[in-house]
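**Student:** In my numbering, the protein residues as written are 52 to 445. The C-beta atom is built at its ideal place from N, Cα and C for all residues, glycine as well.
(1) Taking DSSP as the reference, what is the three-state secondary structure of residue 28?
(2) Could you give the residue range of the alpha helix (DSSP H) that holds residue 210?
(3) Can you give, in chain order, each stretch of the beta strand (DSSP E) that sits fully within the stretch 369-436 and has at least 3 residues?
(4) Answer yes or no: do residue 437 and residue 342 have a C-beta to C-beta separation smaller than 8 Å?
(5) Output yes or no for whether 8 Å exceeds the beta carbon distance between residue 169 and residue 216.
(6) Between which two residues does the alpha helix (DSSP H) holding residue 448 run?
(7) Where does residue 139 fall in DSSP's three states?
(8) Counting only runs of 4+ residues fully inside the stretch 101-148, write out the alpha helix (DSSP H) ranges in chain order.
(9) When burial is assigned at 16 or more other CB atoms within 10 Å of the CB, is residue 176 buried or exposed?
(10) Please list the terminal residues of the continuous alpha helix (DSSP H) segment that includes residue 272.
(11) Which value, in whole angstroms, describes the spacing of the CA atoms of residue 119 and residue 415?
(12) Quick one: which unbroken alpha helix (DSSP H) runs of 4-plus residues sit fully inside the stretch 155-235? Chain order, please.
(13) When you compare only the Cα positions, how much space is there between residue 246 and residue 100?
(14) Where does residue 230 land, buried or exposed, given buried means 16+ other C-beta within 10 angstroms?
(15) Here's the rule I'm using: 16 or more other beta-carbon atoms within 10 Å means buried, otherwise exposed. How should residue 147 be labelled?
(16) Can you give me the C-alpha to C-alpha distance between residue 178 and residue 196, rounded to a whole angstrom?
(17) Check whether the Cβ atoms of residue 265 and residue 280 sit closer than 8 Å, and answer yes or no.
(18) Less than 8 Å separating the beta-carbons of residue 268 and residue 255?
(19) Take the Cβ of residue 258 as the centre, count every other Cβ of all protein chains shown within 10 Å, and call the residue buried at 16 or more, exposed below.
(20) Can you find the residues in the same chain that come closer than 6 Å, C-beta to C-beta, to residue 345, ignoring five residues on each side of it along the sequence?
(21) Quick one: what's got a C-beta closer than 8 Å to residue 420's C-beta in the same chain, skipping five residues either side?
(22) Using 8 Å for Cβ pairs, my map puts residue 429 next to residue 389. What's the rounded Cβ distance?
(23) How about residue 314 and residue 275: do their beta carbons lie closer than 8 Å?
(24) Can you check whether the CB of residue 113 is closer than 8 Å to the CB of residue 233?
(25) With three or more beta-carbon pairs closer than 8 Å as the criterion, would you say the stretch 125-141 touches the stretch 102-113?
(26) In whole angstroms, give me the CA-to-CA distance for residue 320 and residue 354.
(27) Tell me, to the nearest whole angstrom, how far the beta carbon of residue 440 is from that of residue 383; I am working on the premise that it is less than 8 Å.
(28) For the alpha helix (DSSP H) containing residue 350, name the first residue and the last one.
(29) Which residues in the same chain have their Cβ closer than 6 Å to the Cβ of residue 251, if we skip the five residues on either side of it in sequence?
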């Protein structure tokens, strides 16, 4: 644990011993401290909406949620352990392993019952190979939980498994369906939900809820088209609007209010042996020059006409009241009007507006502020070196 983490842990422990009013008072003091440091409490960036948690499963799609799947798994585990003879215990264990394969692979019951455990299980990769059952249908590899693959490996190490190698999953389909449905007296939901098809649907919904992309779930299920897989989820009109509104407002044109951020198009690229000079031009005609490595140029795919964002961190932005020699030598220099000065005895944050509305921010020492006699309404020059400009591909 780092020193900072240890301090945080100690503060939490001490806070937990305070009464409610003391905690409220402490919260007010912390908010004041944040303001003194130039951070406005409560203005943290809102979390992105999580579509994977917002969708609903359309009517007609029968599935089990996470808690129901856990309940069914526990019921089958209990049933398998309750066997009275070794022969019955082995039979129930086979059924349990078939159930777990259905539950975790999302495969059709026929696909699971056709598995050859000597060739279709890849223990090194924790995968099962689902063989195509019809002409033109390709095999597919499905990742399985490691704990399940480990359990299969342990089972194959037992004497009882020797005679079952290659045919462990070769059970009668009717028998599998019947035994799964007979768990209805051990689970708190309808018998109609106790069948392999519902398990397949449940796995699809479970993965989509976890944020697995739709095409990946499609390949896992072996659907010929993503349209079939998309039938597992839908969004309400309100949620659709919320998601679209959030991401549309984050588009480049909506982010011009960010401090020390210029959005523009690459207008010139000059490559040297090691470094490359990139100039971007904003819509208002301002030119920002950045010097980056050749590797960065390749990684960002920079070429003339490409849209980029240029960002400069506040500590690398300098200030001057007059266009003196230091300002004139900087290619990135812009006059602005100061609209806010905030700081303490050590550091001061100075923000200003360019003529096109771009917000600039410089972090300087209190001594520098006094030397420049800065105050809101003053016209100053914000300038920065080309090496301080960070480029981000839009």
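**Tutor:** Well, looking at it:
(1) Only positions 52 to 445 of the chain appear in this structure, which leaves residue 28 out of reach.
(2) The count along the chain shown starts at 1 and reaches residue 210 at position 159. Segment: none, residue 210 is in no alpha helix (DSSP H) and carries neither H nor E.
(3) 369-371, 383-394, 398-404, 410-416 and 430-435
(4) Translated into positions along the chain shown, residue 437 becomes position 386. Translated into positions along the chain shown, residue 342 becomes position 291. Taking 8 Å as the Cβ cut-off, residue 437 and residue 342 qualify as a contacting pair.
(5) To locate residue 169, count along the chain shown from 1; it is residue 118. To locate residue 216, count along the chain shown from 1; it is residue 165. It is a contact, given that the beta carbons lie within the stated cut-off.
(6) This structure cannot speak to residue 448, because the chain is shown only from 52 to 445.
(7) By 1-based counting over the chain shown, the position of residue 139 is 88. Note: residue 139 maps to helix in three-state DSSP.
(8) 102-105 and 117-132
(9) Taking the chain shown and counting its residues from 1, the one referred to as residue 176 is at position 125. It is exposed - the Cβ of residue 176 has fewer than 16 other Cβ atoms within 10 Å.
(10) The sequence position of residue 272 within the chain shown is 221, counting from 1. Secondary structure note for residue 272: its alpha helix (DSSP H) is the uninterrupted segment 265-272.
(11) Position 68 of the chain shown, counting from 1, holds the residue named residue 119. Position 364 of the chain shown, counting from 1, holds the residue named residue 415. About 59 Å.
(12) 160-164, 197-207 and 224-232
(13) Position 195 of the chain shown, counting from 1, holds the residue named residue 246. Position 49 of the chain shown, counting from 1, holds the residue named residue 100. Roughly 34 Å between the two C-alpha positions.
(14) Within the chain shown, the letter at position 179 stands for residue 230. Residue 230 should be labelled buried.
(15) Start at 1 with the first residue of the chain shown, and residue 147 comes out as number 96. Residue 147 should be labelled buried.
(16) Counting from one through the chain shown, the residue named residue 178 turns up at place 127. Counting from one through the chain shown, the residue named residue 196 turns up at place 145. Approximately 9 Å between the Cα atoms of the pair.
(17) Taking the first residue of the chain shown as position 1, residue 265 is located at position 214. Taking the first residue of the chain shown as position 1, residue 280 is located at position 229. Yes, these two residues count as a Cβ contact at 8 Å.
(18) Counting from 1 along the chain shown, the entry for residue 268 is found at position 217. Counting from 1 along the chain shown, the entry for residue 255 is found at position 204. Yes. Within cutoff.
(19) Locating residue 258 in the chain shown gives position 207, where the first residue counts as 1. Buried is the call here.
(20) Residue mapping note: residue 345 aligns to position 294 of the chain shown, counting from 1. Only 327 meet the Cβ criterion.
(21) Indexing the chain shown from 1 puts residue 420 at position 369. Closer than 8 Å at the Cβ level, and outside the excluded window around residue 420, lie 392, 394, 399 and 401.
(22) Position 378 of the chain shown, counting from 1, holds the residue named residue 429. Position 338 of the chain shown, counting from 1, holds the residue named residue 389. That belief holds up - the Cβ atoms of residue 429 and residue 389 are roughly 5 Å apart, short of 8 Å.
(23) As a first step, residue 314 must be located in the chain shown, where it is residue number 263. As a first step, residue 275 must be located in the chain shown, where it is residue number 224. No. Outside cutoff.
(24) Taking the chain shown and counting its residues from 1, the one referred to as residue 233 is at position 182. Taking the chain shown and counting its residues from 1, the one referred to as residue 113 is at position 62. No, the pair does not count as a contact, with Cβ atoms beyond the cut-off.
(25) no
(26) The count along the chain shown starts at 1 and reaches residue 320 at position 269. The count along the chain shown starts at 1 and reaches residue 354 at position 303. Approximately 7 Å between the Cα atoms of the pair.
(27) As a working mapping, residue 440 is identified with position 389 in the chain shown. As a working mapping, residue 383 is identified with position 332 in the chain shown. With 8 Å as the limit, residue 440 and residue 383 qualify as a contact, their Cβ atoms being about 7 Å apart.
(28) Position 299 of the chain shown holds residue 350. 345-351 is the span of the alpha helix (DSSP H), which, as asked, contains residue 350.
(29) The sequence position of residue 251 within the chain shown is 200, counting from 1. Only 157 meet the Cβ criterion.
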